[in-house]
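Undergrad: Okay, here's the structure, questions in a sec.
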Amino acid sequence: MKKLTLLCSLVFLVVFATACKNEKSLQSYLVEANDKAGFSSIDVPVSSVLSPKADVSEDVKETIKSIKKINVVFLKKTQENETVYETEKATLKNIFKDNKDYKTLSSMKMKGMNVNLYYSGETDSIDEIVAFGYSQDVGVGVARLLGENMNPAKIMEVINDIKMDSSNLQGFSAIFKGK
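Written out as structure tokens, the structure reads:
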């Protein structure tokens, strides 16, 4: 009987300990960043940024339909928020390091800017593409493209066959420049 009680206690303890993990998810980070001072945040319906050319294939149109929305959160770095910048950069790095759902697509460094691209899902059926970037001169930010069963090869085709709505992109640019 003592062994059974001990075994039940151990099982309860393990279940309780794993249920109380305080892992931060990208989704919770994006939600919390909306309320933080100094952050710029925007949720974009894809149709407001991407529109297919008239002569594109049905595959391209279907791929655009598989992309649901884009979330962008950005903290512009200033002299006053150096500590906040470092904290947010470390938080995002830990989210991607600790969450095994995100697989590295690529990493690049250019002119002081570090950018990492991640995806979640299967290689032929992606659910999410995330760009995480930071720079001492600019700040730290993350952009997330949410979709459903997105095909990477078709997404590349879409990038070549779409027209960007430049008026919307200029509006986004002004947000991040603090205007």
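Read in the numbering used here, the sequence shown has 360 at position 139, and its numbers run on one by one without any break.
Think of the CB as a built atom: it goes at the ideal place given N, C-alpha and C, for glycine as much as any other residue.
Predicted model only: the values in this text are computed from it and were never measured.
Return helix, strand or coil for V359, following the three-state DSSP convention.
TA: In the structure shown, V359 sits in coil (DSSP, three-state: anything other than H, G, I, E or B).
Undergrad: If we ignore side chains and look at the alpha-carbon of each, how far apart do A352 and K330 end up?
TA: A352 and K330: Cα-Cα distance of roughly 13 Å.
Undergrad: Straight-line CA distance for F317 to A374?
TA: So the alpha carbons of these two residues sit roughly 24 Å apart.
Undergrad: What span of residues does the alpha helix (DSSP H) with T325 cover, start to end?
TA: Premise fails: T325 lies in the beta strand (DSSP E), K324 to M331, not in any alpha helix (DSSP H).
Undergrad: Where does S341 sit, in a helix, a strand or coil, going by DSSP?
TA: S341: strand per DSSP, three-state reduction.
Undergrad: Measure the CB-CB distance between K297 and G360 and report whether it falls below 7 Å.
TA: For K297 and G360, yes; Cβs fall inside 7 Å.
Undergrad: Tell me the residue span of the beta strand (DSSP E) that contains D264.
TA: Taken as a continuous stretch (DSSP letters only), the beta strand (DSSP E) holding D264 covers F260 to P266.
Undergrad: Quickly, what does DSSP pair K297 with across the bridge? List them, please.
TA: Beta-bridge pairing links K297 to G360.
Undergrad: Tell me which residue opens and which closes the alpha helix (DSSP H) that D319 is part of.
TA: Run containing D319: E303 to D319, per the alpha helix (DSSP H) assignment.
Undergrad: Which of the three DSSP states, helix, strand or coil, is assigned to S249?
TA: Helix.
Undergrad: Using only CA atoms, which one of V252, D256, G362 and N255 lies nearest to A311?
TA: Checked all of V252, D256, G362 and N255; the closest Cα to A311 is G362.
Undergrad: Quick one, which of I350, Q248, I263 and Q300 has its alpha-carbon nearest L326's?
TA: Of the candidates I350, Q248, I263 and Q300, the one whose C-alpha sits nearest the C-alpha of L326 is I350.
Undergrad: Leaving out five residues before and five after S315 in sequence, what residues of the same chain have Cβ atoms less than 8 Å from its Cβ?
TA: Here residue 315 turns out to be Asn, not Ser, going by the sequence shown. So the list reads K245, once near-sequence residues are dropped.
Undergrad: Can you list, in chain order, the residues of its chain whose CB lies under 6 Å from that of N292, leaving out five sequence neighbours each side?
TA: For N292, where only same-chain residues beyond five positions count, the Cβ hits under 6 Å are L251, D264 and R365.
Undergrad: Pull up the distance between the alpha-carbon of F260 and that of V294, whole angstroms please.
TA: The straight-line gap from Cα to Cα measures roughly 7 Å.
Undergrad: What's the call for V379, buried or exposed, on a 16-neighbour Cβ count within 10 Å?
TA: The residue is buried, with at least 16 neighbouring Cβ atoms inside 10 Å.
Undergrad: Spell out the partners DSSP gives A184 in its beta bridges.
TA: The requested residue 184 is not part of the displayed model; the chain covers only 222 to 400.
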